[in-house]
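S.K.: So the numbering used here is basically just the index in the sequence shown, starting at one, shifted up by 146.
Ideal Cβ placement from N, Cα and C applies to all residues, glycine included.
Since the structure is predicted, the reported quantities are computational estimates derived from the model, not experimental observations.
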Amino acid sequence: MSSTPVLPDGWTLVALASVGSTNDEAARLADSGASEGTVVWAREQTGGRGRRGRRWASPVGNLYSSTIVRPTCSAQRTSELGFVAALAVADIVPAGRAVRLKWPNDVLVDGGKVAGILLESAVGQAGHVDHVVIGIGINVGFAPQLPEMRYPGAALGGTVEAALEKLTQAIATRLAEWRREGFETVRAAWLAKAGPLGLEVDVRLGEELVRGRFAGLDREGALLLETSAGPRKIVSGELLGRAA
Ligand code: BTN
Numbered sequence: 147m148s149s150t151p152v153l154p155d156g157w158t159l160v161a162l163a164s165v166g167s168t169n170d171e172a173a174r175l176a177d178s179g180a181s182e183g184t185v186v187w188a189r190e191q192t193g194g195r196g197r198r199g200r201r202w203a204s205p206v207g208n209l210y211s212s213t214i215v216r217p218t219c220s221a222q223r224t225s226e227l228g229f230v231a232a233l234a235v236a237d238i239v240p241a242g243r244a245v246r247l248k249w250p251n252d253v254l255v256d257g258g259k260v261a262g263i264l265l266e267s268a269v270g271q272a273g274h275v276d277h278v279v280i281g282i283g284i285n286v287g288f289a290p291q292l293p294e295m296r297y298p299g300a301a302l303g304g305t306v307e308a309a310l311e312k313l314t315q316a317i318a319t320r321l322a323e324w325r326r327e328g329f330e331t332v333r334a335a336w337l338a339k340a341g342p343l344g345l346e347v348d349v350r351l352g353e354e355l356v357r358g359r360f361a362g363l364d365r366e367g368a369l370l371l372e373t374s375a376g377p378r379k380i381v382s383g384e385l386l387g388r389a390a
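#1: With a Cβ-Cβ cutoff of 8 Å, do Arg-246 and Gly-341 count as a contact?
#2: Beta-carbon separation of Gly-196 and Leu-264 under 8 Å?
#3: Where does Ser-225 sit, in a helix, a strand or coil, going by DSSP?
#4: By how many angstroms is the C-alpha of Ala-375 removed from the C-alpha of Val-143?
#5: Give a yes or no on whether the C-beta atoms belonging to Ala-172 and Thr-184 are separated by under 8 Å.
#6: Let me check understanding here. Comparing Cα to Cα, which of Gly-193, Gln-291, Ala-335 and Ser-211 lies closest to Leu-159?
#7: Under 7 Å from any heavy atom of the ligand BTN, does the C-beta of Gly-196 make it?
#8: Quick one: Cα of Val-152 to Cα of Ile-238, how far?
#9: Note down, in chain order, each residue of its chain lying with its Cβ closer than 6 Å to the Cβ of Ala-234, except the 5 sequence neighbours on either side.
#10: In the DSSP assignment, the alpha helix (DSSP H) including Lys-312 goes from what residue to what residue?
#11: Alpha carbon to alpha carbon, how far is Ala-289 from Pro-154?
#12: At which residues does the beta strand (DSSP E) containing Asp-252 begin and terminate?
#13: Is Ser-374 near the ligand GDP, with its Cβ less than 7 Å from a heavy atom?
#14: Please return the same chain residues whose Cβ sits closer than 6 Å to the Cβ of Val-269, not counting the five positions on each side in sequence.
#15: Going by the C-beta, is Ile-238 closer than 7 Å to any heavy atom of the ligand BTN?
#16: In angstroms, rounded to a whole number, what distance separates the CA positions of Gly-352 and Pro-250?
#17: Apply the 10 Å Cβ neighbour rule to Thr-218 and answer buried if 16 or more other Cβ atoms are within range, or exposed otherwise.
#18: Counting pairs of Cβ atoms below 8 Å between the region 359-379 and the region 276-285, do you hit three or more?
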């Protein structure tokens with residue numbers, strides 16, 4: 147494998163030895179006019195960010211990349227890109243490993259979290275989406291074990307360069323599918339790799355803990371739960387434990 151990863155036709159690689167956060171660098175480039183398909187990749191991040199203000203441990207040996215997308219959809223629909231990205235990560239998991247998608251955007255392999263996805267959007271006046279940065283961290287060489295982690299980690303194996311090549315190709319393919327066929331196709335593909343319907347799950351909503359049975363995804367990507375108090379739609383929250 148060459149040390150410079152080859153990206154899909156028309157895509158641009160910005161390769162860095164070290165950066166605070168590839169998402170921040172990608173947002174900066176997008177604000178300066180960088181086109182869709184610009185990918186910021188760093189060997190390490192000194193300030194890697196996760197969802198909910200958490201840090202993302204980013205030493206050399208794993209993959210940290212952020213891809214600029216310029217969708218023409220409404221701001222409300224940009225969260226669909228998190229499902230597109232999760233499917234792209236699932237696509238590059240080697241055959242024979244058990245892959246499961248966990249709402250909203252986590253990817254588990256053999257029961258351990260192998261990747262995290264952080265979407266950040268810039269929305270202009272009148273709700274026009276200027277760009278979305280799809281930040282993806284994948285454990286390639288090893289799975290960091292940190293005290294704050296709720297799940298064991300898992301690692302993909304192989305080289306970071308090979309993972310980036312496969313990932314960018316998978317993102318390009320899944321993005322094209324989303325644009326061509328819409329969220330319904332993405333939703334069906336995501337559900338096929340999620341936990342089984344009826345699985346009991348806990349979801350944290352701020353201070354509230356909601357328990358229910360996994361009942362699918364709605365047309366906007368919200369989590370549907372059957373709780374003892376009736377059906378519930380969760381737009382934003384954190385799935386805990388027996389993960390769907
Ligand atoms: C999560 O909390 O699960 C999301 C983690 C996202 C980490 C990636 S690594 C590349 C990009 N740059 C960042 O600072 N975060 C994302």
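M.R.: Taking the structure as given:
#1: The sequence position of residue 246 within the sequence shown is 100, counting from 1. The sequence position of residue 341 within the sequence shown is 195, counting from 1. A contact, by the Cβ cut-off of 8 Å.
#2: Taking the first residue of the sequence shown as position 1, residue 196 is located at position 50. Taking the first residue of the sequence shown as position 1, residue 264 is located at position 118. Contact annotation: Gly-196 and Leu-264 have beta-carbon atoms nearer than 8 Å.
#3: Here residue 225 is taken as the residue at index 79 of the sequence shown, counted from 1. DSSP places Ser-225 within a helical segment (H, G or I) once states are collapsed to three.
#4: For residue 143 there is no data in the structure shown, the boundaries of the chain being 147 and 390.
#5: Here the question's residue 172 lines up with position 26 in the sequence shown. Here the question's residue 184 lines up with position 38 in the sequence shown. Thr-184 sits close to Ala-172, with the two beta carbons spaced by under 8 Å.
#6: Mapped onto the sequence shown, residue 159 falls at position 13. Out of Gly-193, Gln-291, Ala-335 and Ser-211, Ser-211 has the C-alpha closest to the C-alpha of Leu-159.
#7: Taking the first residue of the sequence shown as position 1, residue 196 is located at position 50. Yes, the beta carbon of Gly-196 sits closer than 7 Å to at least one heavy atom of the ligand BTN.
#8: On the sequence shown, position 6 is the one that residue 152 refers to. On the sequence shown, position 92 is the one that residue 238 refers to. Ile-238 has its alpha-carbon roughly 15 Å from the corresponding atom of Val-152.
#9: In the sequence shown, the residue the question calls residue 234 occupies position 88. Closer than 6 Å at Cβ, skipping near neighbours: Ala-316, Ile-317 and Arg-320.
#10: Position 166 of the sequence shown, counted from the start, is the residue given in the question as residue 312. Lys-312 -> alpha helix (DSSP H) spans 306-327.
#11: Residue mapping note: residue 289 aligns to position 143 of the sequence shown, counting from 1. Residue mapping note: residue 154 aligns to position 8 of the sequence shown, counting from 1. Each residue's Cα considered, the two are about 28 Å apart.
#12: One-based indexing of the sequence shown puts residue 252 at position 106. Judged by DSSP secondary structure, Asp-252 falls within the beta strand (DSSP E) whose first and last residues are 252-255.
#13: With respect to small molecules bound, the structure shown includes the ligand BTN and not the ligand GDP.
#14: As a first step, residue 269 must be located in the sequence shown, where it is residue number 123. Taken in chain order, the residues that qualify are Ala-221 and Val-275.
#15: Position 92 of the sequence shown, counted from the start, is the residue given in the question as residue 238. No, the Cβ of Ile-238 stays beyond 7 Å of every heavy atom of the ligand BTN.
#16: In the sequence shown, residue 352 corresponds to position 206, counting from 1. In the sequence shown, residue 250 corresponds to position 104, counting from 1. One alpha carbon belongs to Gly-352, the other to Pro-250, and they sit about 16 Å apart.
#17: If you number the sequence shown from 1, residue 218 lands on position 72. By the 10 Å Cβ count, Thr-218 comes out exposed.
#18: Segments in contact, no.
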